[in-house]
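First the structure, in the form of structure tokens, and then the observations on it.
Residue numbers (our numbering): 916 to 1083.
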């Protein structure tokens, strides 16, 4: 099955890792994480025997991301010989999912802050001699992104604790 990134259809990056997590099969490339969907999963009743496998893009970051590379891919190799490796892999993937979500929210907050900050600086500079400064730009959905970041960070810590609990 060829994996084509819908955001960069001409990119020809190789698959760096294939991971089976129970009923999930993950395909990791340098700049994306995909979940494979096999014909048996798509057509459970086998109504269309010519059903082809497909995939869903889960994340726009892949093995070049340090959290995914160090936190998941390398740690996965360290616990590969553990008696509880399947349970650890599941907790490790859940930890990574929450960590990646934290990173996405942090990136949104950071990029919007930089953009709105420069707009605010310009407004302040242009109006420094006026009796009042006009309304400064705000970050849309800031509270939701901060709340989601904190919730995901909490879940990430819970799964890290679960991994340590199994290992110790």
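Cβ coordinates follow ideal geometry from the N, Cα and C atoms, glycine included.
It should be emphasised that the depicted structure is a prediction, and the values quoted were computed from it without experimental measurement.
Test item: CB-CB of residue i and residue j under 8 Å
{"i": "residue 1023", "j": "residue 1071", "result": "no"}
{"i": "residue 930", "j": "residue 918", "result": "yes"}
{"i": "residue 921", "j": "residue 972", "result": "yes"}
{"i": "residue 1052", "j": "residue 1031", "result": "yes"}
{"i": "residue 978", "j": "residue 932", "result": "yes"}
{"i": "residue 1075", "j": "residue 1011", "result": "no"}
{"i": "residue 1054", "j": "residue 1027", "result": "yes"}
{"i": "residue 1081", "j": "residue 1002", "result": "yes"}
Exposed unless 16 or more other CB atoms sit within 10 angstroms - verdict on residue i
{"i": "residue 1067", "result": "buried"}
{"i": "residue 996", "result": "exposed"}
{"i": "residue 1029", "result": "exposed"}
{"i": "residue 948", "result": "buried"}
{"i": "residue 961", "result": "exposed"}
{"i": "residue 1044", "result": "exposed"}
{"i": "residue 1073", "result": "exposed"}
{"i": "residue 1033", "result": "exposed"}
{"i": "residue 957", "result": "exposed"}
{"i": "residue 1039", "result": "exposed"}
{"i": "residue 944", "result": "buried"}
{"i": "residue 1056", "result": "exposed"}
{"i": "residue 1079", "result": "exposed"}
Any non-hydrogen atom of the ligand PLP within 7 Å of residue i CB
{"i": "residue 939", "result": "The model on display carries no ligand, and the ligand PLP is accordingly not part of it."}
Integer-rounded CB distance, given that residue j should sit under 8 Å from residue i
{"i": "residue 1006", "j": "residue 1077", "result": "5 Å"}
{"i": "residue 983", "j": "residue 1015", "result": "7 Å"}
{"i": "residue 1089", "j": "residue 1004", "result": "Any property of residue 1089 remains undetermined from this structure, which presents the chain solely from 916 to 1083."}
Residues bridged to residue i (per DSSP)
{"i": "residue 934", "result": "941"}
{"i": "residue 950", "result": "941, 971"}
- Is there contact between the segment 942-960 and the segment 968-982, where contact requires at least three CB pairs shorter than 8 Å? yes
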